[in-house]
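Presented below is the structure to which this report refers.
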Amino acid sequence: MQLDRNYPERFVPLEFEDLWKFLKKKLPIAFEPGSSKRYIAYPLAHVLLRQIDVEKLPEFFAISGYEPESRVSPAKIDKDLNRWNKLGYVFSKPGKAALNNSRREVAIAEITQELELWDGSVKEACGRRSTTVEVLLDFLNPRRPQLYYLPRRPLEFPENLSLG
105 MQLDRNYPER
115 FVPLEFEDLW
125 KFLKKKLPIA
135 FEPGSSKRYI
145 AYPLAHVLLR
155 QIDVEKLPEF
165 FAISGYEPES
175 RVSPAKIDKD
185 LNRWNKLGYV
195 FSKPGKAALN
205 NSRREVAIAE
215 ITQELELWDG
225 SVKEACGRRS
235 TTVEVLLDFL
245 NPRRPQLYYL
255 PRRPLEFPEN
265 LSLG
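For the sequence shown, the numbering used here gives the first residue as 105, with consecutive numbering after it.
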């Protein structure tokens, strides 16, 4: 499967949007104003890795030792994916299929893009998100030391620490 300007080959965004508009008119569903979106996502036929597979990628990135928002060669990602699979981590059936046929190169390109957007956080099995956060303890005022996050901070984490 080839990509053309980040869309699957022969995918026409305006036609896809027109389909949603047509369905909105024809379906007898009452929408609250502002509740409908232009579109929710690509149809499953147009994606290589399902959302369930994309959600597993942060764990893959962390286990592979990648830095957040980094660029890694497709060859290294390919090698690390093979190692990850041998460790027992698996994608969904469609995800495995995408990585085991002629679409593997495009799937690895998608994984590369996800890595460039990854903020370093990993969702744990219990639903918590964790990441490495660097902090600075400033003793300029000995009576009241200040604690700061250093610049890299995932969006989900608070801007200021509450120590009380």
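Ideal placement from N, C-alpha and C gives every residue a C-beta, glycine not left out.
If you're wondering where the values come from, they're calculated on a predicted model, not measured in any experiment.
task: Would you identify the three-state DSSP class for residue 125, choosing helix, strand or coil?
output: helix
message: Beta-carbon within less than 7 angstroms of residue 249's beta-carbon, same chain only, minus the 5 sequence neighbours each way: which residues are those?
response: Excluding residues within five positions, the ones whose Cβ falls inside 7 angstroms are 241, 242, 243.
task: Have a look at 165, 151, 217, 191 and flag the residue whose alpha-carbon is nearest the alpha-carbon of residue 198.
output: The residue from 165, 151, 217, 191 with its alpha-carbon nearest to that of residue 198 is 151.
query: What is the rounded straight-line gap between the Cα of residue 176 and the Cα of residue 114?
result: 28 angstroms
- prompt: What's the C-alpha gap between residue 202 and residue 214?
  reply: 11 angstroms
For residue 242, three-class secondary structure by DSSP: strand
task: Ignoring anything shorter than 3 residues or poking outside the region 185 to 220, list the beta strand (DSSP E) runs there in chain order.
output: none
- prompt: Between residue 168 and the rest of its own chain, which residues show a CB-CB distance below 6 angstroms, the 5 nearest in sequence each way excluded?
  reply: 184
- request: Using alpha carbons as the reference points, say which of 179, 178, 182, 161 lies closest to residue 172.
  value: 161
message: If you reduce the DSSP assignment to three classes, tell me which class residue 251 lands in.
response: strand
- request: Below 6 angstroms CB to CB, which residues in the same chain sit around residue 195 once its five sequence neighbours on both sides are set aside?
  value: 157
message: Suppose you measure from the CA of residue 154 to the CA of residue 200; what does that come to, to the nearest Å?
response: Distance between the alpha carbons of residue 154 and residue 200 is about 10 angstroms.
query: Are residue 164 and residue 188 closer than 8 angstroms when you measure CB to CB?
result: Cβ atoms of residue 164 and residue 188: closer than 8 angstroms.
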